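Residue numbers (this note's numbering): 1044 to 1310. Virtual Cβ for every residue (Gly too), placed ideally from N, Cα, C. Source: prediction; values computed, not measured.
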(Lines of atoms letter the chains of each structure in order from A and count residues from 1; the text may use other names and numbers.)
(Lines give C-alpha, C1' and ligand atoms only; values in the text may rest on other atoms or scores of the structure.)
Protein backbone atom coordinates (compact mmCIF):
# COMPACT_ATOMS: atom_id res chain seq x y z
CA UNK A 1 0.00 0.00 0.00
CA UNK A 2 1.30 3.45 -0.95
CA UNK A 3 0.12 6.20 1.39
CA UNK A 4 1.17 9.14 -0.75
CA UNK A 5 1.62 9.84 -4.44
CA UNK A 6 5.36 9.24 -5.15
CA UNK A 7 5.43 12.41 -7.24
CA UNK A 8 4.30 14.42 -4.21
CA UNK A 9 6.88 12.88 -1.90
CA UNK A 10 9.58 13.53 -4.51
CA UNK A 11 8.61 17.20 -4.71
CA UNK A 12 8.67 17.42 -0.90
CA UNK A 13 12.14 15.83 -0.85
CA UNK A 14 13.47 18.36 -3.35
CA UNK A 15 12.00 21.26 -1.38
CA UNK A 16 13.48 19.92 1.85
CA UNK A 17 16.94 19.81 0.28
CA UNK A 18 16.45 23.32 -1.08
CA UNK A 19 15.67 24.60 2.43
CA UNK A 20 18.66 22.82 3.93
CA UNK A 21 20.91 24.32 1.26
CA UNK A 22 19.87 27.77 2.51
CA UNK A 23 20.76 27.15 6.16
CA UNK A 24 23.85 26.23 8.12
CA UNK A 25 23.14 23.39 10.57
CA UNK A 26 22.31 24.61 14.08
CA UNK A 27 20.50 22.97 17.02
CA UNK A 28 18.02 25.88 17.03
CA UNK A 29 16.39 24.39 13.91
CA UNK A 30 15.68 20.87 12.73
CA UNK A 31 13.32 18.34 11.27
CA UNK A 32 10.44 16.73 13.08
CA UNK A 33 7.69 14.56 11.66
CA UNK A 34 8.02 12.03 8.87
CA UNK A 35 11.24 13.29 7.31
CA UNK A 36 12.99 13.18 10.69
CA UNK A 37 11.81 9.59 11.14
CA UNK A 38 12.94 8.70 7.63
CA UNK A 39 16.41 10.17 8.22
CA UNK A 40 16.86 8.05 11.35
CA UNK A 41 15.47 4.65 10.39
CA UNK A 42 15.40 4.27 6.59
CA UNK A 43 18.74 2.44 6.38
CA UNK A 44 17.91 0.00 9.19
CA UNK A 45 14.45 -0.61 7.75
CA UNK A 46 15.83 -1.33 4.27
CA UNK A 47 18.47 -3.64 5.69
CA UNK A 48 15.91 -5.57 7.76
CA UNK A 49 13.04 -5.79 5.28
CA UNK A 50 14.43 -5.09 1.83
CA UNK A 51 11.81 -2.37 1.50
CA UNK A 52 11.97 1.41 1.46
CA UNK A 53 10.44 3.20 4.43
CA UNK A 54 7.61 5.55 3.34
CA UNK A 55 8.56 9.14 2.63
CA UNK A 56 6.43 12.14 3.58
CA UNK A 57 4.37 14.51 1.50
CA UNK A 58 4.75 17.53 3.79
CA UNK A 59 7.53 19.08 5.85
CA UNK A 60 7.59 19.63 9.61
CA UNK A 61 10.33 21.54 11.41
CA UNK A 62 11.07 22.87 14.88
CA UNK A 63 12.45 26.30 15.74
CA UNK A 64 13.96 27.66 18.93
CA UNK A 65 12.19 31.01 19.07
CA UNK A 66 14.38 32.17 21.94
CA UNK A 67 17.34 32.25 19.54
CA UNK A 68 18.03 34.46 16.53
CA UNK A 69 17.32 31.60 14.13
CA UNK A 70 13.67 32.49 13.27
CA UNK A 71 14.79 35.51 11.23
CA UNK A 72 17.25 33.40 9.24
CA UNK A 73 14.65 30.70 8.74
CA UNK A 74 12.02 33.22 7.59
CA UNK A 75 14.40 34.57 4.95
CA UNK A 76 15.30 31.06 3.80
CA UNK A 77 11.75 29.81 3.27
CA UNK A 78 10.75 33.05 1.56
CA UNK A 79 13.67 32.58 -0.84
CA UNK A 80 12.51 29.02 -1.55
CA UNK A 81 9.07 30.40 -2.35
CA UNK A 82 6.89 29.55 0.64
CA UNK A 83 4.00 31.83 1.47
CA UNK A 84 1.84 31.97 4.63
CA UNK A 85 -0.90 29.33 4.53
CA UNK A 86 -4.30 28.87 6.07
CA UNK A 87 -2.92 28.45 9.61
CA UNK A 88 -0.47 30.73 11.41
CA UNK A 89 2.11 27.94 11.66
CA UNK A 90 1.71 26.63 8.09
CA UNK A 91 3.45 27.77 4.91
CA UNK A 92 2.55 26.73 1.37
CA UNK A 93 4.40 26.10 -1.88
CA UNK A 94 2.47 25.27 -5.07
CA UNK A 95 3.76 23.24 -8.03
CA UNK A 96 2.51 22.46 -11.50
CA UNK A 97 2.06 18.68 -11.47
CA UNK A 98 3.19 18.16 -15.05
CA UNK A 99 6.18 20.49 -15.28
CA UNK A 100 7.16 20.35 -11.56
CA UNK A 101 7.54 24.13 -11.75
CA UNK A 102 6.78 26.37 -8.78
CA UNK A 103 3.69 28.50 -9.25
CA UNK A 104 2.59 31.80 -7.78
CA UNK A 105 -0.89 31.94 -6.25
CA UNK A 106 -2.04 33.91 -9.28
CA UNK A 107 -0.71 31.26 -11.68
CA UNK A 108 -2.28 28.49 -9.59
CA UNK A 109 -5.71 30.11 -9.77
CA UNK A 110 -5.67 29.67 -13.55
CA UNK A 111 -5.28 25.89 -13.27
CA UNK A 112 -7.52 23.01 -12.26
CA UNK A 113 -6.94 21.52 -8.83
CA UNK A 114 -5.81 18.19 -10.32
CA UNK A 115 -3.02 20.04 -12.15
CA UNK A 116 -1.50 21.26 -8.88
CA UNK A 117 0.62 19.86 -6.07
CA UNK A 118 0.99 21.49 -2.67
CA UNK A 119 3.88 21.22 -0.24
CA UNK A 120 2.93 22.31 3.27
CA UNK A 121 5.55 23.37 5.80
CA UNK A 122 4.48 23.30 9.47
CA UNK A 123 6.65 25.12 12.02
CA UNK A 124 6.61 23.92 15.64
CA UNK A 125 8.35 25.93 18.34
CA UNK A 126 8.94 26.41 22.04
CA UNK A 127 7.05 29.73 22.11
CA UNK A 128 5.42 32.36 19.90
CA UNK A 129 7.65 34.47 17.68
CA UNK A 130 7.19 37.99 16.37
CA UNK A 131 9.28 37.08 13.33
CA UNK A 132 7.11 34.35 11.86
CA UNK A 133 4.09 32.24 12.69
CA UNK A 134 4.68 29.00 14.56
CA UNK A 135 2.86 26.46 16.71
CA UNK A 136 4.14 26.35 20.32
CA UNK A 137 4.33 22.71 21.39
CA UNK A 138 5.04 21.45 24.89
CA UNK A 139 7.09 18.44 23.77
CA UNK A 140 9.19 20.65 21.48
CA UNK A 141 9.72 23.13 24.33
CA UNK A 142 11.02 20.39 26.65
CA UNK A 143 13.20 18.99 23.88
CA UNK A 144 14.80 22.36 23.15
CA UNK A 145 15.28 23.14 26.84
CA UNK A 146 17.23 19.90 27.34
CA UNK A 147 19.11 20.06 24.06
CA UNK A 148 17.72 16.62 23.23
CA UNK A 149 18.67 16.75 19.55
CA UNK A 150 21.24 15.09 17.33
CA UNK A 151 22.77 15.86 13.96
CA UNK A 152 22.01 13.62 10.97
CA UNK A 153 22.78 13.73 7.28
CA UNK A 154 20.06 14.03 4.63
CA UNK A 155 21.61 13.41 1.23
CA UNK A 156 24.82 15.13 2.29
CA UNK A 157 23.13 18.01 4.13
CA UNK A 158 23.61 18.23 7.88
CA UNK A 159 20.51 18.93 9.97
CA UNK A 160 19.32 18.34 13.52
CA UNK A 161 16.48 16.04 14.56
CA UNK A 162 15.07 15.19 18.01
CA UNK A 163 16.56 12.34 19.99
CA UNK A 164 14.59 9.15 19.38
CA UNK A 165 12.51 9.37 22.55
CA UNK A 166 11.37 12.94 21.89
CA UNK A 167 10.68 12.22 18.22
CA UNK A 168 8.56 9.25 19.25
CA UNK A 169 6.62 11.38 21.74
CA UNK A 170 6.08 14.11 19.14
CA UNK A 171 4.70 11.46 16.80
CA UNK A 172 2.42 10.10 19.53
CA UNK A 173 1.18 13.63 20.21
CA UNK A 174 0.42 14.10 16.52
CA UNK A 175 -1.24 10.67 16.17
CA UNK A 176 -3.53 11.19 19.15
CA UNK A 177 -4.67 14.62 17.94
CA UNK A 178 -5.73 13.34 14.51
CA UNK A 179 -9.01 11.50 14.00
CA UNK A 180 -8.67 10.01 10.51
CA UNK A 181 -6.84 10.41 7.24
CA UNK A 182 -3.57 9.68 5.48
CA UNK A 183 -1.49 11.73 7.91
CA UNK A 184 -2.74 9.72 10.87
CA UNK A 185 -1.95 6.52 9.00
CA UNK A 186 1.55 7.82 8.30
CA UNK A 187 1.95 8.73 11.99
CA UNK A 188 1.09 5.12 12.89
CA UNK A 189 3.70 3.75 10.49
CA UNK A 190 6.28 6.21 11.80
CA UNK A 191 5.60 5.15 15.38
CA UNK A 192 6.06 1.49 14.54
CA UNK A 193 9.19 2.26 12.56
CA UNK A 194 10.74 4.23 15.41
CA UNK A 195 10.01 1.49 17.93
CA UNK A 196 11.66 -1.29 15.97
CA UNK A 197 14.18 0.23 13.53
CA UNK A 198 15.74 3.18 15.37
CA UNK A 199 19.54 3.20 15.70
CA UNK A 200 19.08 3.46 19.46
CA UNK A 201 16.60 1.58 21.63
CA UNK A 202 14.84 4.22 23.66
CA UNK A 203 11.69 2.70 25.14
CA UNK A 204 13.22 1.80 28.50
CA UNK A 205 14.44 5.38 29.01
CA UNK A 206 10.86 6.66 28.80
CA UNK A 207 10.22 5.15 32.22
CA UNK A 208 12.58 7.67 33.80
CA UNK A 209 9.99 10.44 33.52
CA UNK A 210 6.28 9.91 34.26
CA UNK A 211 5.01 12.30 31.57
CA UNK A 212 6.99 10.47 28.88
CA UNK A 213 5.79 7.11 30.15
CA UNK A 214 2.15 8.23 30.19
CA UNK A 215 2.19 9.72 26.69
CA UNK A 216 4.00 6.75 25.15
CA UNK A 217 1.61 4.29 26.83
CA UNK A 218 -1.40 6.18 25.50
CA UNK A 219 0.01 6.12 22.00
CA UNK A 220 0.79 2.41 21.86
CA UNK A 221 -2.44 1.57 23.69
CA UNK A 222 -4.47 3.49 21.13
CA UNK A 223 -2.72 1.72 18.25
CA UNK A 224 -3.59 -1.65 19.77
CA UNK A 225 -7.27 -0.75 19.97
CA UNK A 226 -7.51 -0.13 16.20
CA UNK A 227 -7.38 -3.32 14.14
CA UNK A 228 -7.72 -1.37 10.91
CA UNK A 229 -4.67 0.71 11.80
CA UNK A 230 -2.65 -2.43 12.60
CA UNK A 231 -3.58 -3.88 9.21
CA UNK A 232 -2.59 -0.61 7.55
CA UNK A 233 0.83 -0.67 9.25
CA UNK A 234 1.34 -4.27 8.14
CA UNK A 235 0.32 -3.61 4.55
CA UNK A 236 2.24 -0.33 4.20
CA UNK A 237 5.48 -1.42 5.83
CA UNK A 238 5.56 -5.13 4.98
CA UNK A 239 3.26 -5.45 1.97
CA UNK A 240 0.85 -7.84 3.71
CA UNK A 241 -2.14 -6.83 5.83
CA UNK A 242 -2.24 -10.39 7.20
CA UNK A 243 0.91 -9.59 9.16
CA UNK A 244 -1.19 -7.39 11.44
CA UNK A 245 -1.02 -10.15 14.05
CA UNK A 246 2.76 -9.81 14.13
CA UNK A 247 2.42 -6.03 14.41
CA UNK A 248 -0.03 -6.47 17.30
CA UNK A 249 2.26 -8.91 19.11
CA UNK A 250 5.28 -6.63 18.78
CA UNK A 251 3.37 -3.56 19.99
CA UNK A 252 1.85 -5.50 22.89
CA UNK A 253 5.32 -6.45 24.08
CA UNK A 254 6.39 -2.81 24.00
CA UNK A 255 3.32 -1.78 25.98
CA UNK A 256 4.08 -4.49 28.54
CA UNK A 257 7.58 -3.03 28.94
CA UNK A 258 6.09 0.40 29.59
CA UNK A 259 3.62 -1.00 32.11
CA UNK A 260 6.42 -2.69 34.02
CA UNK A 261 8.37 0.56 33.98
CA UNK A 262 5.30 2.37 35.28
CA UNK A 263 5.04 -0.04 38.22
CA UNK A 264 8.70 0.58 39.06
CA UNK A 265 8.15 4.35 38.99
CA UNK A 266 5.06 4.03 41.21
CA UNK A 267 6.71 1.76 43.79
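Exercise. Please go through the region 1094-1141 and give each complete alpha helix (DSSP H) segment of 4 or more residues, from N-terminal end onward.
Key: 1112-1123
Quiz item: Where do the ends of the beta strand (DSSP E) carrying residue 1046 lie?
Solution: The residue given as residue 1046 occupies position 3 in the chain shown. Per DSSP, residue 1046 belongs to no beta strand (DSSP E) and is neither H nor E.
Quiz item: In whole angstroms, what separates the C-alpha of residue 1270 from that of residue 1111?
Solution: Your numbering for residue 1270 matches position 227 in the chain shown. Your numbering for residue 1111 matches position 68 in the chain shown. Cα to Cα, the separation comes out at about 46 Å.
Quiz item: Is residue 1201 helix, strand or coil when you go by DSSP?
Solution: In the chain shown, residue 1201 corresponds to position 158, counting from 1. Looking at residue 1201 - three-state DSSP - the assignment turns out to be strand.
Self-check item: As assigned by DSSP and simplified to three states, the class of residue 1226
Solution: Residue 1226 sits at position 183 when you count from the first residue of the chain shown. Helix at residue 1226.
Quiz item: Starting from residue 1241 and walking both ways along the beta strand (DSSP E), at which residues does that stretch end?
Solution: In the chain shown, the residue the question calls residue 1241 occupies position 198. Residue 1241 -> no beta strand (DSSP E), and no H or E assigned at all.
Quiz item: Near residue 1283, what residues of its chain come up, given a Cβ to Cβ distance below 7 Å and the 5 sequence neighbours on each side ignored?
Solution: Here residue 1283 is taken as the residue at index 240 of the chain shown, counted from 1. Closer than 7 Å at Cβ, skipping near neighbours: 1277.
Quiz item: So, is residue 1203 buried or exposed, given that buried needs 16 or more other C-beta atoms within 10 angstroms?
Solution: Position 160 of the chain shown, counting from 1, holds the residue named residue 1203. It is buried - the Cβ of residue 1203 has at least 16 other Cβ atoms within 10 Å.
Quiz item: Do three or more CB pairs link the region 1052-1069 to the region 1092-1112 at distances below 8 Å?
Solution: The region 1092-1112 and the region 1052-1069 touch, with three or more beta-carbon pairs separated by less than 8 Å.
Exercise. May I have the straight-line CA-CA distance separating residue 1076 from residue 1153, to the nearest angstrom?
Key: Your numbering for residue 1076 matches position 33 in the chain shown. Your numbering for residue 1153 matches position 110 in the chain shown. Using only the alpha carbons, I get a separation of about 32 Å.
Quiz item: Who are the Cβ neighbours of residue 1071 in its own chain at under 6 Å, not counting the five residues just before and after it?
Solution: Against the chain shown, residue 1071 aligns to sequence position 28. 1107, 1110 and 1112.
Self-check item: Within 8 Å, strictly: CB atoms of residue 1210 and residue 1080
Solution: Here residue 1210 is taken as the residue at index 167 of the chain shown, counted from 1. Here residue 1080 is taken as the residue at index 37 of the chain shown, counted from 1. Yes, Cβ-Cβ distance for residue 1210 and residue 1080 is below 8 Å.
Quiz item: Relative to the alpha-carbon of residue 1130, which residue among 1304, 1176 and 1254 has its alpha-carbon at the smallest distance?
Solution: Locating residue 1130 in the chain shown gives position 87, counting from the first residue. Here the closest residue by C-alpha is 1176.
Practice problem: Report yes or no: do the region 1084-1098 and the region 1229-1244 share at least 3 C-beta pairs separated by less than 8 Å? | Solution: Short answer: they touch.
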